[in-house]
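Let me begin by presenting the structure, written as structure tokens, before commenting on it.
Chains as they are written, first to last, in this note's numbering: chain V, 26 to 551; chain H, 26 to 551.
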């Protein structure tokens, strides 16, 4: 029987608060520091390691976190989730994104369907469709091959798939896996769709309309934009569009689309990169085998995350260290810093994943909680960030915990030696240097040049960013966010906070406003 | 005589802390709310207004902020800055970015040169060069016109110019001002340069190397990357590259460049968009007249910011409200939310501008301060952000102050009517709705659907995003950050916090490491 309890009712949380805090600068110095870096390390899968040496933890803190994991029943709750319990209580839904990439537990049957079979069948349908597009069996009306795929979607239908596409675009080009260029239209700002449409050859483009409900305002509006453009080019829109939606949506059986691929209510938008939402665009762009590799990487980490031993479970440990930093040490935000230009939009995806999942003030029963929950998440790739906001991270008045990501090898393989090192070596040298600079600091009599250190970070180190390691990275953070939601006792799978804005926007458009809203509407010429 | 005093030594700050806090939800409701929206509004220039109705201020708070502005001598310090005082005390430098766009005070003579004349002369040299490129008078060795310009730079040489380029790209295309496509190479990750080089026609590309010192590691490395690519294409690099640098840098007189344009030590990287750093790439991309318009917009706001009346000075008011939110109300971060896809990278620029300027723990004399300074800054364009992190902004446990930006008209002019409204109307309806949703909230018996409100925001409303309004927006935030630095008594114009990482990275590359740094280097295969 699962106990869903608030964090501040757990005895282990009270114990955790009493553990003496760790002085990061001290423990990371000298040979002790070297030992920590060697030991505070957990393999996530082949070619990917989570290292938490520079976090403010020691044996005592880790022991307390292990107790918290146990008392909060994190693994049991995860088991319950992947075995098909109604974990999304607010919306009374199962939470099944892990099932898109593997079967961790029992068969999950919902709505009379084995859900693993359902997700696999959609992957197979997408693979078949993508293969036919690539082979020139599915073409435009003139019998010519499609060269570009455009995803129309917003939020989870945009950020995750876009970040994954950008992460693999260069890898695919180098590895002969690049099939079609992908573009993305998301914003209701008409200039977004117009600019993308101006940049492509619509006659050879296939559009993916992604909306679970089939009612997302931005997405339907942008669909019309695209249909207009196709009509103006004398093209039959229904030969250029496919839909990714739920089987019950109005888009599912419409003749407006060449094909429709299905997701369901058990996969939240921000968790949908491994569903048909990411599957269609990534399979078209890179081929179904690349998407399958991506899923395999995610599945491996989903499995790693089932380990009850905290020190062998990087997802659970990362989650608990985050809770410790947020609730005990009192740090309000976290930066995600991938040293990889290919991960340029990965922080934007994690921003949604984390902040939309755990930015909640009520527990899963709708009762207000008396502690802070999800932090602000932000980030940019290194080394760019070093020349931007790192000043504040090093010397600002607030401490911001850091999540680095680095790879030994780059994707494209072109490099240049300057001052006896390659660019890739410089990139890696910088991330190593930053971790130690943040942790240890450096005393200087000139206080303006003084670095206090004590600024905690962890790093995920990979051999190379590939479909498999990308899938693993994605699953790492999905599972981390899930575990944190369990600790905070919030429902990480709904998003009631986005509703009020929608309601008021409709009122503005219907000119049914008064008070401040009416004046703002006037000022904005609506 | 200027008094440079810490915030917590000012009597007016103590008074400010005693003023009764404003209940945003209450004051923004009903007809009172409507009146506030009408009244709490200041013109920044023609076609641009700063509205702060939804901020947690009232007559009493505003009066206290006005006293603080006076006691902290904000206008006097600004005057001192633009008249050429050594405001950047740590580096013993003048701070002259405003002088690139206008003369607000006395002639400023430094190093024997009238600096306004110097900046104007560089603008003229750039204009002449750009006009010749556009006219086909300066061409590649084959006598063919250049079609692409690539900026090689990082930090301030990248983020600002890139954000400005993206902000005006579509506007320029529609208004017949688009001369050349611009691309940017910044990261030392070799995949950044390789991907950009793979995406362009190097034979028709002109590269701008931007480095004030001429020694920035990333930029010099990427220059070599580009030179390799040019050599491989059988091209003479010196016919394809120009430099933007200081007159004393090794790049200034090198034969490696077709031309060199100059900046100086009195313009910090993050304040350099209106100098030659932004000027070269924007003049080449859009023509010198567009860049001149951009400067004119910035100059207008620089002038507005000289107004001693707080209620007629949006830059100073925005700054003081930010300080009130940070130091009195205790909010640790701020989100920048432009409802304009063209401003997609504007938040990333502001992130550098703000966090690198005011993320400091010591005052301008190098003494530790006992209060918090610059906040974490993050943001994405709306409506995209609504489907991402707004959940936390609406219902998270921390309050995040918000800075909206919205325009009545889009740039491209294409639009589509769905459900009786255009996309532009939907975009504007959403920003209006969000302000009121954040401010007023909405009570619901289901606590999960309850919105407490009281989440403060301001909005800058413009007619359209044009070169002029973009310049104004840039200057608004530059001046805001400057005023906040004055209030916090920090030096907003140095960045000592970036140095330690550089030193350690060099040590890693020289294999002169021990302890933790050595182990990280090994783990990363350096």
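Cβ atoms here follow ideal geometry from the backbone N, Cα and C, with glycine treated the same way.
**Simplified DSSP state of residue 174 of chain V, which is helix, strand or coil** = Stepping through the first chain from its first residue, residue 174 of chain V is reached at position 149. Note: residue 174 of chain V maps to strand in three-state DSSP.
**Start-to-end residues for the beta strand (DSSP E) that takes in residue 271 of chain V** = As a first step, residue 271 of chain V must be located in the first chain, where it is residue number 246. Note, residue 271 of chain V: beta strand (DSSP E), 266-271.
**Beta-carbon neighbours of residue 288 of chain V, restricted to chain H and to distances below 8 angstroms** = Indexing the first chain from 1 puts residue 288 of chain V at position 263. Going along chain H, no residue has its Cβ under 8 angstroms from residue 288 of chain V, so there is no contact; the nearest lies around 16 angstroms.
**Request:** Confirm, please, whether the CB-CB distance from residue 71 of chain H to residue 52 of chain H is below 8 angstroms.
**Result:** Counting from one through the second chain, the residue named residue 52 of chain H turns up at place 27. Counting from one through the second chain, the residue named residue 71 of chain H turns up at place 46. Taking 8 angstroms as the Cβ cut-off, residue 52 of chain H and residue 71 of chain H do not qualify as a contacting pair.
**Asked** For residue 195 of chain H, is the classification buried or exposed, using 16 other Cβ atoms within 10 angstroms of its Cβ as the cut-off for buried?
**Response** Indexing the second chain from 1 puts residue 195 of chain H at position 170. Residue 195 of chain H comes out buried.
**Asked** In chain V, which residues lie with their C-beta within 8 angstroms of the C-beta of residue 299 of chain H?
**Response** On the second chain, position 274 is the one that residue 299 of chain H refers to. Within chain V, no residue comes near residue 299 of chain H; the closest Cβ sits about 18 angstroms away, beyond 8 angstroms.
**Prompt:** Along chain H, which residues have their Cβ under 8 angstroms away from the Cβ of residue 408 of chain V?
**Reply:** For the purposes of this step, residue 408 of chain V is identified with residue 383 of the first chain, where counting begins at 1. Ordered by position in chain H, the residues that pass the 8 angstroms Cβ test against residue 408 of chain V are 179, 212, 213, 214 and 243.
**Message:** 8 angstroms is my cut-off, CB to CB: does residue 323 of chain H come that close to chain V?
**Reply:** Mapped onto the second chain, residue 323 of chain H falls at position 298. Answer no: the Cβ-Cβ gap between residue 323 of chain H and chain V never drops below 8 angstroms.
**Asked** Considering residue 206 of chain V, what are the terminal residues of the alpha helix (DSSP H) in which it resides?
**Response** Against the first chain, residue 206 of chain V aligns to sequence position 181. Premise fails: residue 206 of chain V lies in the beta strand (DSSP E), 206-210, not in any alpha helix (DSSP H).
**Those residues which DSSP pairs with residue 141 of chain V across a bridge** = Residue numbering aside, residue 141 of chain V sits at position 116 when the first chain is read from its first letter. Answer by DSSP bridge pairing: none, since residue 141 of chain V is not bridged.
**Prompt:** Of the choices H:245, H:403, H:367 and H:254, whose alpha-carbon is the least far from that of residue 270 of chain H?
**Reply:** Your numbering for residue 270 of chain H matches position 245 in the second chain. Among H:245, H:403, H:367 and H:254, the Cα nearest to that of residue 270 of chain H is on H:245.
**Asked** Looking at C-beta atoms only, is the number of pairs between the region 214-226 of chain H and the region 412-427 of chain V that lie closer than 8 angstroms three or more?
**Response** no
**Request:** Spell out the partners DSSP gives residue 70 of chain V in its beta bridges.
**Result:** Numbered from its first residue, the first chain carries residue 70 of chain V at position 45. Paired residues: V:73.
**Prompt:** Using DSSP with H/G/I as helix, E/B as strand and the rest coil, what is residue 3 of chain H?
**Reply:** Residue 3 of chain H is absent from the structure shown; chain H starts at 26 and stops at 551.
**Beta-carbon proximity of residue 151 of chain H to residue 305 of chain H, cut-off 8 angstroms** = In the second chain, counting from the first residue as 1, residue 151 of chain H sits at position 126. In the second chain, counting from the first residue as 1, residue 305 of chain H sits at position 280. Yes; because the gap between Cβ atoms is below 8 angstroms, this pair is in contact.
**Item:** Straight-line gap, residue 78 of chain H to residue 481 of chain H (C-alpha atoms, nearest Å)
**Value:** Within the second chain, numbered from 1, the residue matching residue 78 of chain H stands at position 53. Within the second chain, numbered from 1, the residue matching residue 481 of chain H stands at position 456. Approximately 9 angstroms, taken between the alpha carbons.
**Message:** With DSSP as the reference, identify every bridge partner of residue 447 of chain V, one or two as the case may be.
**Reply:** Against the first chain, residue 447 of chain V aligns to sequence position 422. DSSP, once it has assigned bridges, lists V:442 as partnering residue 447 of chain V.
**Asked** Should residue 319 of chain V and residue 307 of chain V be called a contact, given that it needs their Cβ atoms to be closer than 8 angstroms?
**Response** On the first chain, position 294 is the one that residue 319 of chain V refers to. On the first chain, position 282 is the one that residue 307 of chain V refers to. Going by C-beta atoms, residue 319 of chain V is nearer than 8 angstroms to residue 307 of chain V.
**Prompt:** Would you say residue 525 of chain H faces chain V, with C-beta separation under 8 angstroms as the test?
**Reply:** As a position in the second chain, residue 525 of chain H is number 500, starting the count at 1. Answer yes: the Cβ-Cβ gap between residue 525 of chain H and chain V drops below 8 angstroms somewhere.
**Request:** Select from the region 418-442 of chain V all residues with a C-beta closer than 9 angstroms to any C-beta belonging to chain H, and list them in chain order.
**Result:** 418, 419, 420, 421, 422, 423, 425, 431, 432, 433, 434, 435, 436, 437, 438, 439, 440, 441 and 442
**Request:** Go through its chain and collect everything with a Cβ distance to residue 517 of chain V's Cβ below 7 angstroms, but skip five positions before and after it.
**Result:** For the purposes of this step, residue 517 of chain V is taken as residue 492 along the first chain, with counting starting at 1. Within the same chain, residue 517 of chain V has close Cβ partners 382, 383, 506, 507 and 510.
**Item:** Within chain H, partners of residue 293 of chain V - CB distance below 8 angstroms
**Value:** The sequence position of residue 293 of chain V within the first chain is 268, counting from 1. Chain H residues near residue 293 of chain V: none, gap ~11 angstroms exceeds 8 angstroms.
**Message:** Cutting at 7 angstroms between CB atoms, please list the residues of its own chain near residue 130 of chain H, excluding the five before and the five after it.
**Reply:** Here residue 130 of chain H is taken as the residue at index 105 of the second chain, counted from 1. If we look at residue 130 of chain H and ignore the five residues flanking it on each side, its Cβ neighbours are 104, 107 and 108.
**Request:** Please confirm if residue 61 of chain H has its CB atom under 8 angstroms from at least one CB of chain V.
**Result:** Numbered from 1 along the second chain, position 36 holds the residue referred to as residue 61 of chain H. Yes, contact with chain V.
**Item:** Those residues which DSSP pairs with residue 341 of chain H across a bridge
**Value:** Within the second chain, residue 341 of chain H is the residue found at index 316, counting from 1. For residue 341 of chain H, which the question treats as bridged, DSSP gives no partner whatsoever.
**Prompt:** Does residue 172 of chain H have its Cβ less than 8 angstroms from a Cβ in chain A?
**Reply:** This model lacks chain A altogether, as its protein chains are V and H.
**Prompt:** If you measure from the beta carbon of residue 364 of chain V to each beta carbon in chain H, is any gap under 8 angstroms?
**Reply:** Mapped onto the first chain, residue 364 of chain V falls at position 339. With 8 angstroms as the cut-off, residue 364 of chain V counts as an interface residue toward chain H.
**Request:** Measure from the alpha carbon of residue 311 of chain H to the alpha carbon of each residue in H:110, H:498 and H:155, then state which is nearest.
**Result:** Translated into positions along the second chain, residue 311 of chain H becomes position 286. Checked all of H:110, H:498 and H:155; the closest Cα to residue 311 of chain H is H:155.
**Asked** Among H:27, H:240 and H:400, which one has its Cα closest to the Cα of residue 268 of chain H?
**Response** Along the second chain, one-based indexing puts residue 268 of chain H at 243. It is H:240 whose Cα lies nearest to the Cα of residue 268 of chain H.
**Item:** Closest by C-alpha distance to residue 49 of chain H, when choosing among H:544, H:502, H:501 and H:460
**Value:** Walking along the second chain from the start, residue 49 of chain H turns up at place 24. Measuring from the Cα of residue 49 of chain H, the nearest candidate turns out to be H:460.
**Request:** With 7 angstroms as the limit, tell me which residues of the region 367-399 of chain V have their beta carbon closer than that to any beta carbon of chain H; keep them in chain order.
**Result:** 367, 373, 376, 377, 380, 381, 384, 385, 386, 387, 391, 392, 393, 397, 398 and 399
**Asked** Is there a Cβ from chain V that is less than 8 angstroms from the Cβ of residue 283 of chain H?
**Response** Stepping through the second chain from its first residue, residue 283 of chain H is reached at position 258. Residue 283 of chain H does not count as touching chain V.
**Item:** Which listed residue (V:393, V:475, V:429 and V:385) has its alpha carbon closest to that of residue 416 of chain V
**Value:** What you label residue 416 of chain V is simply residue 391 of the first chain in a count that begins at 1. The residue with the shortest Cα to Cα distance from residue 416 of chain V is V:475.
**Item:** DSSP-derived helix/strand/coil call for residue 61 of chain H
**Value:** Residue 61 of chain H sits at position 36 when you count from the first residue of the second chain. Residue 61 of chain H falls in the helix class under three-state DSSP.
**Prompt:** Measuring from the CB of residue 97 of chain V, is there a heavy atom of the ligand MG at a distance below 7 angstroms?
**Reply:** The ligand MG is not part of this structure, which contains no ligands at all.
**Request:** Rounded to whole angstroms, what's the CA-CA distance from residue 182 of chain H to residue 174 of chain V? Just pull it up for me.
**Result:** As a first step, residue 182 of chain H is located in the second chain; it is residue number 157 there, counting from the start. As a first step, residue 174 of chain V is located in the first chain; it is residue number 149 there, counting from the start. The straight-line gap from Cα to Cα measures roughly 33 angstroms.
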